[in-house]
Amino acid sequence: MYPPPPAPAPHRDFISVTLSLGESYDNSKSRRRRSCWRKWKQLSRLQRNVILFVLGFLILCGFLYSLQVSDQWKALSGSRAEVEKMKLEVLPVLPAPQKESAEPEGFADILSQKRQRHLRRGPPHLQIRPPNTVSKDGMQDDAKEREAALGKAQQEENTQRTVISWRGAVIEPEQATEPPSKRAEASIKPLFLASRIWKEPEFKEARKWVSENLDFQKNVDVNLFESTIRILGGLLSAYHLSGDSLFLSKAEDFGNRLMPAFTTPSKIPYSDVNIGTGFAHSPQWTSDSTVAEVTSIQLEFRELSRLTGIKKFQEAVEEVTKHIHSLSGKKDGLVPMFINTNSGLFTHPGVFTLGARADSYYEYLLKQWIQGGKKETQLLEDYVRAIEGIKAHLLRQSQPRKLTFVGELAHGRFSAKMDHLVCFLPGTLALGVHHGLPADHMDLARALMETCYQMNQQMETGLSPEIAHFNMYPRADHKDVEVKPADRHNLLRPETVESLFYLYRVTKDRKYQDWGWEILQSFNKYTRVPSGGYSSINNVQNSHKPEPRDKMESFFVGETLKYLYLLFSDDLELLGLDTCVFNTEAHPLPIWSPA
Numbered sequence: 001m002y003p004p005p006p007a008p009a010p011h012r013d014f015i016s017v018t019l020s021l022g023e024s025y026d027n028s029k030s031r032r033r034r035s036c037w038r039k040w041k042q043l044s045r046l047q048r049n050v051i052l053f054v055l056g057f058l059i060l061c062g063f064l065y066s067l068q069v070s071d072q073w074k075a076l077s078g079s080r081a082e083v084e085k086m087k088l089e090v091l092p093v094l095p096a097p098q099k100e101s102a103e104p105e106g107f108a109d110i111l112s113q114k115r116q117r118h119l120r121r122g123p124p125h126l127q128i129r130p131p132n133t134v135s136k137d138g139m140q141d142d143a144k145e146r147e148a149a150l151g152k153a154q155q156e157e158n159t160q161r162t163v164i165s166w167r168g169a170v171i172e173p174e175q176a177t178e179p180p181s182k183r184a185e186a187s188i189k190p191l192f193l194a195s196r197i198w199k200e201p202e203f204k205e206a207r208k209w210v211s212e213n214l215d216f217q218k219n220v221d222v223n224l225f226e227s228t229i230r231i232l233g234g235l236l237s238a239y240h241l242s243g244d245s246l247f248l249s250k251a252e253d254f255g256n257r258l259m260p261a262f263t264t265p266s267k268i269p270y271s272d273v274n275i276g277t278g279f280a281h282s283p284q285w286t287s288d289s290t291v292a293e294v295t296s297i298q299l300e301f302r303e304l305s306r307l308t309g310i311k312k313f314q315e316a317v318e319e320v321t322k323h324i325h326s327l328s329g330k331k332d333g334l335v336p337m338f339i340n341t342n343s344g345l346f347t348h349p350g351v352f353t354l355g356a357r358a359d360s361y362y363e364y365l366l367k368q369w370i371q372g373g374k375k376e377t378q379l380l381e382d383y384v385r386a387i388e389g390i391k392a393h394l395l396r397q398s399q400p401r402k403l404t405f406v407g408e409l410a411h412g413r414f415s416a417k418m419d420h421l422v423c424f425l426p427g428t429l430a431l432g433v434h435h436g437l438p439a440d441h442m443d444l445a446r447a448l449m450e451t452c453y454q455m456n457q458q459m460e461t462g463l464s465p466e467i468a469h470f471n472m473y474p475r476a477d478h479k480d481v482e483v484k485p486a487d488r489h490n491l492l493r494p495e496t497v498e499s500l501f502y503l504y505r506v507t508k509d510r511k512y513q514d515w516g517w518e519i520l521q522s523f524n525k526y527t528r529v530p531s532g533g534y535s536s537i538n539n540v541q542n543s544h545k546p547e548p549r550d551k552m553e554s555f556f557v558g559e560t561l562k563y564l565y566l567l568f569s570d571d572l573e574l575l576g577l578d579t580c581v582f583n584t585e586a587h588p589l590p591i592w593s594p595a
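For what it's worth, my numbering labels the leading residue of the sequence shown as 1, then goes sequentially.
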């Protein structure tokens with residue numbers, strides 16, 4: 001007999017699984033890490049490099065921004081203490097009249113023959129009367145009246161402090177706002193605000209530096225345009241005003257070192273040249289030069305040829321002028337911004353502006369014509385045609401005040417954008433009218449001068465932004481001038497006060513002096529550095545926090561203050577418009593006589 005079979009196991013409808021939650025969570029994290037790494041490895045090498053570059057760039061930007069913010073806070077926190085501790089070494093806005101003395105012959109001799117006249121310190125209600133003048137009732141002003149007028153003027157305007165001293169801003173390292181290397185090369189600029197300034201100790205000190213330390217045999221790249229208008233133009237102007245051949249010798253040396261820039265297939269010069277090795281080249285990112293740069297070196301090279309008798313300087317730049325004249329791609333006299341040094345053709349066609357990269361092309365057309373004795377009709381024709389092109393394509397009016405402004409044109413599309421650089425135009429127009437061009441040019445000059453003044457006036461600080469956009473449509477609570485956050489900085493540029501100088505010289509309307517006075521007060525109030533000098537600011541729309549940059553461009557001393565000086569002078573023959581022409585860096589060069 002068999003034993004009974006074993007009972008079957010009970011049926012179960014589930015299975016039992018034991019999970020370790022901790023181990024599963026760790027494995028999940030590991031899998032995610034492996035997944036991210038796998039995705040990273042799946043990217044191409046180019047994609048990985050781009051991501052790493054962007055991350056590195058962001059980190060670098062953050063680091064540089066933190067340094068900038070830190071420096072600004074340090075400067076602001078220490079400014080009050082510096083004001084109390086430091087005594088500023090400054091010069092008056094305008095110097096007192098000097099005694100007559102023998103002067104060098106030549107261009108300086110023309111200036112020395114002018115009787116020294118009263119120099120104005122500000123607008124009419126703050127004037128100091130000239131010495132030895134007779135009032136309307138026939139009574140002669142005495143010393144007490146002059147002293148009283150001076151005291152009243154100083155009392156009424158505390159912001160009329162004094163303009164930067166040459167020594168405090170240019171020479172003394174502890175008071176400077178730019179590195180010594182930059183200051184030294186520009187040191188000759190502010191010394192020729194008047195015809196007799198070479199008698200001053202500062203000029204003698206600068207001359208000694210030029211004689212003993214200014215050596216161009218250096219392995220360094222310089223920009224052809226910037227070096228020409230600043231260094232070459234400054235040396236030529238110094239020669240004419242002082243009669244000292246040292247400056248002409250230095251100018252010839254420097255001019256020769258710039259000449260390799262013209263060795264291109266098209267004869268359109270490269271933008272950069274090494275003044276030690278003679279190697280010239282375009283920027284690394286392009287083979288183009290800007291039109292303004294290659295057409296705004298003619299005044300200086302032409303004058304260098306006239307003085308030295310060496311024709312190559314003038315021939316090189318006039319070949320550029322003739323080439324530009326014959327090129328296609330213009331629009332009623334307006335030129336594009338770029339030109340290729342290999343082909344000699346305009347690039348980026350269809351974009352027209354009177355701002356950066358094109359501005360001084362138009363200025364130098366007129367000034368070359370004046371410099372050469374008004375004989376080169378091709379220059380005049382190109383200039384007049386360009387002005388008509390501006391009227392036809394770039395002029396508009398803003399709202400609500402109907403300010404006339406110069407915009408930009410890109411492939412037929414108008415932009416209501418106007419650089420502060422464009423404010424050179426009212427002065428250039430007025431200069432042309434002074435030399436016989438149509439009267440309607442003066443109407444446009446007056447209208448644009450009002451616009452440039454409002455670009456300053458409508459800002460909280462009274463100083464213009466670098467770029468303005470104009471409101472073209474009626475909108476409530478909107479001013480004519482609008483500013484984008486990236487454009488609200490002020491670099492102490494000269495264009496507005498430059499045009500004020502020309503408008504006052506041509507019209508004798510004292511409101512232009514008043515406007516210049518307001519701008520000078522704003523410079524003193526918002527850009528002055530307690531330790532000496534002035535600084536660019538980041539925000540013209542915030543009078544409580546303009547944010548100084550701790551950088552003073554050389555053109556502030558070389559141009560802005562020079563034009564303010566001349567604007568406030570009653571001597572209309574001081575660097576007169578019939579005897580000299582100013583280059584685009586405000587260096588006066590003589591108008592050529594028929595002989």
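For glycine and all other residues, C-beta sits at the position ideal for the given N, C-alpha and C.
- The alpha-carbon separation between serine 211 and serine 242 amounts to approximately 14 Å.
- Residue nearest to serine 464 within the set Val497, Arg475, Ala439 and Lys218 is Val497 (criterion: CA-CA distance).
- Cβ neighbours of valine 317 within its own chain (closer than 8 Å, five residues either side excluded): Ile297, Gln298, Phe301 and Arg302.
- Residue nearest to threonine 228 within the set Ala586, Arg510 and Ser398 is Ala586 (criterion: CA-CA distance).
- DSSP, read as helix, strand or coil, puts proline 465 in coil.
- Threonine 321: member of the alpha helix (DSSP H) spanning 312-326, first to last residue.
- Secondary structure note for arginine 396: its beta strand (DSSP E) is the uninterrupted segment 395-397.
- Residue nearest to arginine 488 within the set Met449, Lys525, Ser536 and Arg505 is Ser536 (criterion: CA-CA distance).
- With respect to the C-alpha of leucine 258, the residue from Val540, Gln217 and Ser531 having the closest C-alpha is Gln217.
- Annotated as proximal: leucine 366 and glycine 432, with beta-carbon spacing under 8 Å.
- Exposed is the label assigned to tryptophan 37, since fewer than 16 other Cβ atoms lie within 10 Å of its Cβ.
- Annotation: serine 415 is outside any alpha helix (DSSP H); the continuous beta strand (DSSP E) that includes it extends over 413-415.
- Burial check for threonine 341: the Cβ neighbour count within 10 Å reaches 16 or more, so the residue is buried.
- The Cβ atoms of histidine 393 and phenylalanine 346 do not sit closer than 8 Å to each other.
- Rounded to whole angstroms, the gap between the alpha carbons of tyrosine 504 and glutamine 378 is 29 Å.
- In summary, histidine 240 is buried, with 16 or more beta-carbon neighbours lying within 10 Å of its beta-carbon over all protein chains present.
- Within the stretch 467-510, the complete beta strand (DSSP E) segments of 3 residues or longer fall at 467-470, listed in chain order.
- For the set Phe568, Met337, Arg45 and Leu327, the Cα lying nearest the Cα of leucine 409 is the one of Met337.
- Closest by C-alpha distance to proline 474, out of Leu444, Asn456, Arg401 and Leu421, is Arg401.
- A residue is called buried once 16 or more other Cβ atoms fall within 10 Å of its Cβ, and asparagine 524 is buried on that count.
- Classified as buried, lysine 250 has 16 or more neighbouring CB atoms from the shown chains inside 10 Å of its CB.
- In this structure, the alpha-carbon of valine 384 lies about 22 Å from that of threonine 579.
- Within the same chain, Cβ atoms closer than 8 Å to the Cβ of serine 522 are found at Asn456, Thr461, Gly462 and Leu463, the five residues on either side in sequence being excluded.
- Taking 8 Å as the cut-off, the Cβ atoms of proline 530 and asparagine 539 do not count as close.
- In this structure, the beta-carbon distance from leucine 421 to alanine 476 does not fall below 8 Å.
- Glutamate 293 and leucine 224 do touch by the CB rule: their CB atoms are close to 7 Å apart, below 8 Å.
- For leucine 429, the uninterrupted alpha helix (DSSP H) segment begins and ends at 425-434.
- For glutamate 408, the secondary structure class from DSSP, reduced to helix, strand or coil, is strand.
- Looking only at Asn471, Glu226, Phe555 and Ile310, the smallest Cα-Cα distance to asparagine 256 is reached by Ile310.
- DSSP places arginine 357 outside both helix and strand once states are collapsed to three, so it counts as coil.
- A straight-line Cα-Cα distance of about 10 Å links leucine 500 and cysteine 423.
- For the stretch 527-580, the continuous alpha helix (DSSP H) assignments of 4+ residues that do not extend past its boundaries occur at 561-567, in sequence order.
- DSSP, read as helix, strand or coil, puts isoleucine 229 in helix.
- Cβ neighbours of leucine 307 within its own chain (closer than 7 Å, five residues either side excluded): Leu248.
- Residues Glu466, Ser536 and Glu553 of the same chain have their beta carbon placed closer than 7 Å to that of leucine 491, with the five preceding and five following residues left out of the count.
- Restricting attention to Ser343, Lys312 and Ala358, the CA atom closest to the CA of lysine 330 is found in Ala358.
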